[in-house]
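Visitor: Take this structure, written in structure tokens, and hold onto it; I'll ask about it next.
Right, dumping it as structure tokens:
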């Protein structure tokens, strides 16, 4: 088991940098360090010196967490080119992206501890997802209403894919937008774009419907204003 | 410096659980472990046994990362009640939320290594943010067009706050929606909701305008369809 991971307490900056360069493309690296973060790209930001957690993944993901919150204070997505150098009295980790150009620079005068380990991926199954909700409706169309007939899943439009397109008992097209959580304003606007597109394309009236376990008050008001319906599932 | 953090290699399951219960409300905890994850809440998911990184924050954030991607495979937001127990041959970490009810269960037959440390928060400054773009326009309204007059920032509507409301040289109201990155379809629909609301409220025509460094093709087409304009900044 020893070979699986490396833990290094209070490494010299140079050793820490060498370990990053050696392992960052194969292992997950966590580092607790005192650091400052500069970011230049679509915006610019500066996070002053503090103790933080740095996380590097072999796909080029770079994440820096502070004490609170689910969201990291800074991050770069997969595909970022990561490298470490020691410059004067600081270890400098750079995360570079080309298009759009972004540069994240972490300056580290002090590394507390770092761990390097091969992390895996496991089978992942999800139930109650949007996709699973759509399947449930296809198997039992009466969940929508009597006489509803599903026609096509993932129907392509310039504005994205319609979750499910169907027809009601009177032959009118129905655009169904599924949400696995509470439907928000965004979901209603998305549905509006699909319905407008289908109305233009087909030249007849088209109904719009949100299928979700819940909906916010504002989203419901907007839904009614557009003449759409909501089905709780 | 020693007191600042604790690193434990291959802890007994009971010791690992005790450390979590003792430190999870004050320290950031990272743990590399072989684990399985059950989630029940707005959906249900199961991630089979694999080596993963578990991250616990003192505000109740619980994050589990696999090898790839910026997004964790499972997570619970701040405010989650976290506790650890040993049941038969597994360490079980539970993350519980009450409203809506959610339960994340991590089953761990083997802990490789864990680190416990007080992590901080540092001063954070952001430039080129939406807010900073709005300020730039207020100081220099001609960036929008000759004769443009800013009236009110963060103007409240039932659909959210309008970034900036102003008037053009002919006295017509202009709703400005700012994006610091490429404007997407969502931004156009958001703007549409604001403009529709203002038209109804004021009873006269209102212009809509996206201010951003870029815009996607589809968003631009929808923008033109609504008769809105785009200003590159």
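Chains as they are written, first to last, in our numbering: chain A, 132 to 364; chain B, 132 to 364.
For every residue, glycine included, the Cβ atom is placed at its ideal position computed from N, Cα and C.
#1: Could you tell me whether the Cβ atoms of residue 182 (chain B) and residue 191 (chain A) are closer together than 9 Å?
#2: Three-state secondary structure (DSSP) at residue 154 (chain A)?
#3: Can you name, in chain order, every residue of its own chain whose Cβ lies under 8 Å from the Cβ of residue 340 (chain A), other than the five neighbours on each side?
#4: Pull up the DSSP beta-bridge partners for residue 205 (chain B), would you.
#5: If I measure Cβ to Cβ from residue 342 (chain A) and keep anything under 6 Å in the same chain, skipping five residues before and after, which residues do I get?
#6: Looking only at C-alpha atoms, which of A:235, A:246, A:254, A:293 sits nearest to residue 261 (chain A)?
#7: Among A:219, A:236, A:157, which one has its Cα closest to the Cα of residue 194 (chain A)?
#8: Is the Cβ of residue 229 (chain A) closer than 9 Å to any Cβ of chain B?
#9: Ends of the alpha helix (DSSP H) at residue 269 (chain A)?
#10: Counting only the same chain and skipping the five closest in sequence on each side, list residues whose C-beta sits under 8 Å from that of residue 257 (chain A).
#11: Hey, which unbroken runs of the beta strand (DSSP E) at 3 residues or more fall wholly within the region 281-306 of chain B?
#12: Just confirm the distance between the C-beta atoms of residue 145 (chain B) and residue 217 (chain B), as a whole number of angstroms; I'd bet it's less than 8 Å.
#13: I'd like to confirm the pairing. Which residues does DSSP put opposite residue 163 (chain B) in its beta bridges?
#14: Start and end of the beta strand (DSSP E) containing residue 257 (chain B)?
#15: Got a sec? Which residues, its chain only, sit under 8 Å from residue 173 (chain A) by beta carbon, not counting five neighbours each side?
#16: Can you give me the start and stop residues for the alpha helix (DSSP H) that residue 363 (chain A) sits inside?
#17: Using a beta-carbon distance below 9 Å, is residue 374 (chain A) in contact with chain B?
#18: So which residues of chain B does residue 309 (chain A) contact, with C-beta pairs closer than 9 Å?
#19: Verify the CB distance criterion: does residue 187 (chain A) have a CB-CB separation below 9 Å to chain B?
#20: So, helix, strand or coil for residue 232 (chain A), using DSSP?
#21: Let me know the secondary structure DSSP gives residue 319 (chain A) once reduced to three states.
#22: Residue 238 (chain B) versus chain A: which residues are under 9 Å apart at the beta carbon?
#23: So which residues of chain B does residue 248 (chain A) contact, with C-beta pairs closer than 9 Å?
#24: On the CB-based measure, 16 or more other CB atoms within 10 Å of its CB, does residue 132 (chain B) come out buried or exposed?
Guide: Walking through what the data contain:
#1: no
#2: helix
#3: 275, 305, 306, 307, 308, 322, 359, 360, 361, 362
#4: B:195
#5: 307, 309, 362, 364
#6: A:293
#7: A:236
#8: no
#9: 261-270
#10: 263
#11: 291-298
#12: 5 Å
#13: B:184, B:244
#14: 255-258
#15: 231, 233
#16: Premise fails: residue 363 (chain A) lies in the beta strand (DSSP E), 360-363, not in any alpha helix (DSSP H).
#17: Residue 374 (chain A) falls outside the range modelled here, since chain A spans only 132 to 364, and no answer is possible.
#18: Per Cβ cutoff of 9 Å: no residues; residue 309 (chain A) is ~12 Å from chain B at best.
#19: no
#20: coil
#21: helix
#22: None at all; the shortest Cβ gap to chain A is about 12 Å.
#23: 163, 182, 184, 243, 244
#24: Below a pLDDT of 50, predicted positions are generally treated as unreliable, and residue 132 (chain B), at 43, falls in that range; the measurement from the model is reported next regardless. Exposed, by the Cβ-count rule.
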